[in-house]
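For the sequence shown, position 54 matches number 53 in numbering that gives the first Met the number 0, and the numbering has no gaps at all.
The structure appears below as structure tokens.
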Amino acid sequence: MPKLIKLILTCCLCIMITGCGVTHSNKRTIVTTSFPCYDFVRAVIGDTDTFEVKMLLKPGQDMHDYDPTPHDQIALTESDLIVCVGGESESWMEDTIDGLKKDVNVMRMMELVTLKEEELKEGMEAEKGEVEEAEAEYDEHVWTSLKNAVTIIDAISHEIATLDDDHKDDYLNNAHAYCDEIKTIDHSIQTIVAHSNRKTLYFGDRFPLRYFVDDYGLDYYAAFPGCSEQTEPSAKTLSQLIERVRQDQVKMVLTIELSNGAVAKTIAEETGCTIGTFQSGHNIALNDFNAGKTYVDLMKDNAEVLKEALQ
Ligand SMILES: [Zn+2]
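Put into structure tokens, the structure is as follows:
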């Protein structure tokens, strides 16, 4: 009989171990495309264990040249909820959803807030082939506004709560706490801007921050529009930017994360200004991702950079 008991115990142990594995893989999934979507969902879920959140974009990868793998397509098909930006650089997402054999539940951040049109500001280099476009396109970088982030997180929390009523209060409370953190930074950025003499930012890079600057009444100059793939400005664009930085006695020119920073470097060499990195939040570097850096952390970094850039 002891042998039989041993066998039963071993079986029980096996079931427990594999059972754990099954529970894990049986977690319902929320698939997100880029970092802001991932971060907002992660904050809402907190330490509840119903959902697993996946980010399709790999840390450090450029959102603008992402293509879904077959594995990603399966993840989308099997998800309980998809949270994406809903902009032009995710047009692959609409194509993928159209091709899926089942209905999927999709939240597009762009459908949750008031949109602004893309802007081609004086001195900015148009994308090749975009000059003659008659129809204005909406700027997709909605998450760069902290006020938008609060609206989006609130909407996400209510959607997730409808999918898992048992943890409804957890989701709503987590969202509330995270939004409070965002509001605190929003307030400190307002204070920084109010106490700065300079109200203009100078980007030797592409500029995906229209929603951000509009929130604080800041003006800007930049080399390229938000999602531009160009990294080489014309001599005219570059010389205009250099001239402006010189004229306005700018102390810091900005570049955005994961950029090669070439334009900012040239401006700095020509004018003697320093270079600061602004986090647009499209994505984050692998080491920051592994360290658990959040949207709130990125915005805290931005507040520090702003202090210097607005001097
Ligand atoms: Zn972009």
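Every residue gets a Cβ at the ideal spot worked out from N, C-alpha and C, and that includes glycine.
Bear in mind the structure is a predicted one, so any value in this text is a computation, not a measurement.
Query: Shell residues, 7 Å Cβ cut-off relative to heavy atoms of ligand 1; Result: 62, 63, 88, 139, 140, 207, 225, 226, 281
Query: Cα-Cα separation between residue 54 and residue 71, rounded to whole angstroms; Result: 9 Å
Query: Burial state of residue 267 (16 or more Cβ within 10 Å); Result: buried
Query: C-alpha gap between residue 287 and residue 258, whole angstroms; Result: 16 Å
Query: Collapsed DSSP secondary structure at residue 106 in the structure displayed; Result: strand
Query: Secondary structure of residue 92, DSSP reduced to three states; Result: helix
Query: Beta-carbon spacing of residue 216, residue 254 below 8 Å; Result: no
Query: Environment of residue 231 [buried if 16+ CB atoms lie within 10 Å]; Result: exposed
Query: Residue nearest to residue 209 in terms of C-alpha spacing, selected from 142, 247, 85, 36; Result: 142
Query: Inter-residue Cα distance where the pair is residue 262 and residue 159; Result: 42 Å
Query: Classification of residue 73 by the beta-carbon crowding that lies within 10 angstroms, buried from 16 upward; Result: exposed
Query: Buried or exposed by the 16-neighbour rule on C-beta atoms within 10 Å, applied to residue 120; Result: exposed
Query: Rounded straight-line distance, which links the Cα of residue 111 to that of residue 82; Result: 11 Å
Query: DSSP-derived helix/strand/coil call for residue 249; Result: coil
Query: Among 62, 242, 175, 45, the one whose alpha carbon lies nearest that of residue 228; Result: 62
Query: CB-CB length for residue 207 against residue 279, believed under 8 Å; Result: 5 Å
Query: Closest by C-alpha distance to residue 135, when choosing among 145, 117, 150, 147; Result: 117
Query: Distance between residue 187 and residue 308 (C-alpha atoms, nearest Å); Result: 15 Å
Query: Buried or exposed (CB count within 10 angstroms, at least 16 for buried), residue 222; Result: buried
Query: For residue 221: DSSP bridge partner residues; Result: 202
Query: Spatially closest choice to residue 304 from 205, 200, 260, by CA coordinates; Result: 200
Query: Extent of the continuous alpha helix (DSSP H) to which residue 178 belongs; Result: 167-193
Query: Distance, residue 270 Cα to residue 238 Cα; Result: 11 Å
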